[in-house]
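Residue numbers (the working numbering): 34 to 559.
From the three backbone atoms N, C-alpha and C, an ideal C-beta is built for every residue, glycine too.
Model, not experiment: these values are computed from the prediction.
Report on the structure given below.
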Ligand code: MSP
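The structure is reproduced here in C-alpha cells:
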C-alpha cells in the first residue's frame, strides 16, 4: 500500500468557514477518497492557522483573548467539515503544544544549518495577507488581494536566506516537472524564482501571539513560517522519525493560487534548508468567484429555505453577497451534502477561477443529478420491479457498454492522477448517459419479460455499480445508498479500483429496492 499523505491549507480563524474554504477542502477530501479506493494508505490532514496579527486583530475586535477566539472559531470549521462529510484523519491546530514543539525543532534545524540571520526589515504590510508588498505591487496604494490599506512596518527580524535556494529550486522544478500542477502554476512558480529571490523575514517582535523563537524568545515566528510546518507536525516531525519518514515526502498539498509562492517557493526551500525532501506534489487551484448574476442576500436566504417574504433580506435589501459570506451549510441545507460536494468538484476545472452562482448550481443539479443519475436509478428500480419481480438480473458480459465502461474507468483514473476532478466526473457521467440511452432505445418498460429485458436491465445495474464506485469520492453517501438499493453488500468504499471496476461485477439475482427520488427536481430560479 503506497503511502499517500494529503493536506489542505490550514484556515485562518479570523473568519468563519465559507464556500471558498469548502471548495478547497472538498477537493482534497475527494482526492483522499479516490486514493483510498486505489488501495493506497491515506493520511488526510486539515486544520486551522491560529496565530498571527490577523487572528489577534479579530480577537481584539471581539473583546476576547486570541486563544478564546481560536477555540470558538475552530468549532465552526470542525462542524463545517463534519457536515460536508470530510474524511480527514487528523485535525491540526497551530496552537497545540505538538505544533509549537515541531516548529521550534524545524526552524532550529534551519538556524543550525546556517540559513537564518538577523537584520532589520522595512516594508509595507498587509495584515489580511500576513505578507509584505513592494510599492510597485500595490494597486491604488492598497493590497492587491484584499483592497485594504497596508501598514508601514520596521522591525528587527530574523531572515531565512531564501536567496541561497534559487538554483536548488530551479533544479527541483526541472527534475520534478510534475511536482507543481497544473503546468500553468508550475510555470508561475518558475518565473517567480527566475525573477530572483530575496531573503524573507520569518520572525516578529511586534506581536506576542505566536510560537517563540527557541534561540531568542523575545521574537516569535511569523505566522507563515509557523503555519507551513503544520504539515510536518502532524506526522511527528522531531518526535517520531520513523513515522515522519513513512509519510514524507509522499505528501500532496492542495492550495489556492494566492498561496502558491508560500507552498511552491518558500516551503520547498525551507525543507531543503532543514535537510529534508521538498513535497512530492502541490496542486494549485483557482478561486470561486461570485460573478455573472450577482448572488444576493435574499437569494441566499431563499436558498436556505428561509421565509423572506417579498425577497428582502434581514439587512433590508438585495445587497450583493461576497462568496466569503456564504457558509457551506447554506448550500448543504438546501441541496444536500452530496449535491454540494458534486457541484464544488464538477463546476470549475481545477486550477482555473470559476463562477459560483446559485442558478448554476440549480441547473447543474437538475441536469446531472435529477435528470441523469437520479433518473437512471429510479427507472431501473421501477422496471426491475415490474418486469423482474424486483430481482436484479445479471449484465450481459458482451454488452456494448462493457468496452465503453473500460474506457471510462481508464479516463477517470487518468483524470484523478492529474487531479482534475471535474474531468473524472464528466467521464463518469458519460457512462450514465450511455446507460440511459440504451434503456431508451430498448424500452424495456414496454417489452415482455424475458432475456432481452434482463440483459438491458442487468447492464444498467452494472453501470450503476460502476458509477457508485467511480463517483463515491465525490458523493460517498449517495453512492453507498445506490449500492445498497441495487442489492450489493457493504459499500463502494470497501472496494478497490481498478480490480472492482471491471465490467460484469454485478452478480444478478439480488433484490433491487425502489426508494424515494435521490435528487428531487428543483425549480429553476428566475
Ligand atoms: N492560513 C493560510 C494557509 C496556511 S497553509 C500552511 C491561508 N488561510 S485562508 O483561510 O486565508 O485560505 C485558505 C485557503 O482557502 C486558500 O487555499 C484559499 O485559496 C482558499 N480560499 C479562500 N477563498 C477562496 C475562494 N473564493 N475560492 C477558492 N478557494 C478559496 O491562506
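Between the alpha carbons of residue 492 and residue 420 lies a gap of roughly 15 Å.
Between the alpha carbons of residue 466 and residue 438 lies a gap of roughly 12 Å.
Rounded to whole angstroms, residue 242 and residue 136 show a C-alpha spacing of 14 Å. Residue pairing of residue 317 in beta bridges, as defined by DSSP: 288.
For residue 159, the enclosing beta strand (DSSP E) starts and ends at 149 to 159.
Relative to the non-hydrogen atoms of the ligand MSP, the Cβ of residue 54 comes within a distance shorter than 7 Å of at least one.
Ranking 384, 380, 504 and 308 by CA distance to the CA of residue 143 puts 308 first.
For residue 268, there is no enclosing beta strand (DSSP E), as DSSP marks it with neither H nor E. The beta carbon of residue 268 sits closer than 8 Å to the beta carbons of 38, 76, 276, 277, 279, 280 and 281 from its chain, once the five residues preceding and following it are set aside; these are given in chain order.
Distance from the C-beta of residue 60 to the nearest heavy atom of the ligand MSP is not below 7 Å. For residue 186, there is no enclosing alpha helix (DSSP H); the enclosing beta strand (DSSP E) has its first and last residue at 184 to 193. By the neighbour-count definition (other C-beta atoms within 10 Å, threshold 16), residue 231 is an exposed residue. Here the C-alpha atom of residue 63 lies approximately 19 Å from the C-alpha atom of residue 406. When C-beta atoms of the segment 73 to 87 are compared with those of the segment 243 to 262, three or more pairs fall below 8 Å, so the two segments count as touching. In the DSSP annotation of this structure, the continuous segment of the alpha helix (DSSP H) that includes residue 515 starts and ends at 509 to 518. CA-to-CA, the gap between residue 92 and residue 111 works out to about 19 Å.
Closest in C-alpha terms to residue 160, from the list 124, 216, 196 and 176, comes 176. Taking 8 Å as the upper bound for CB-CB distance, residue 507 and residue 525 are not in contact here, some 11 Å apart. When rounded, the separation of the alpha-carbon atoms in residue 202 and residue 261 is 17 Å. By the beta-carbon neighbour count (other beta carbons within 10 angstroms, threshold 16), residue 509 is buried.
Along the segment 196 to 227, the alpha helix (DSSP H) occurs as fully enclosed runs of 4 or more residues at 199 to 208 and 216 to 227, listed in sequence order. Note that the C-beta distance between residue 497 and residue 530 is not below 8 Å. The ligand MSP approaches residue 45 closely enough that one of its heavy atoms is under 7 Å from the residue's Cβ.
Note: residue 254 is bridge-paired with 236 in the DSSP secondary-structure output. By alpha-carbon distance to residue 131, the top candidate from 470, 422, 387 and 259 is 259. Here residue 43 is near residue 125, since their CB atoms are less than 8 Å apart. Straight across, the Cα-Cα distance linking residue 102 with residue 240 is about 16 Å. Shown here, residue 145 sits in a helix according to DSSP, grouped into three states. The segment 151 to 167 makes no contact with the segment 204 to 216; the number of CB pairs closer than 8 Å stays below 3. Proximity of the beta carbon of residue 543 to the ligand MSP is not indicated: no heavy atom of the ligand is located closer than 7 Å.
In this structure, the C-beta of residue 185 stays at least 7 Å away from each heavy atom of the ligand MSP.
Nearest to residue 67 by alpha-carbon distance, out of 51, 449 and 181, is 449.
According to the DSSP assignment, residue 165 belongs to no alpha helix (DSSP H) but to the beta strand (DSSP E) extending over 164 to 166. Taken in chain order, the complete alpha helix (DSSP H) segments of 4 residues or longer contained in the segment 423 to 487 are 434 to 450 and 454 to 475. Note on geometry: alpha-carbon atoms of residue 500 and residue 464 lie some 8 Å from one another.
At least one heavy atom of the ligand MSP lies closer than 7 Å to the C-beta of residue 261.
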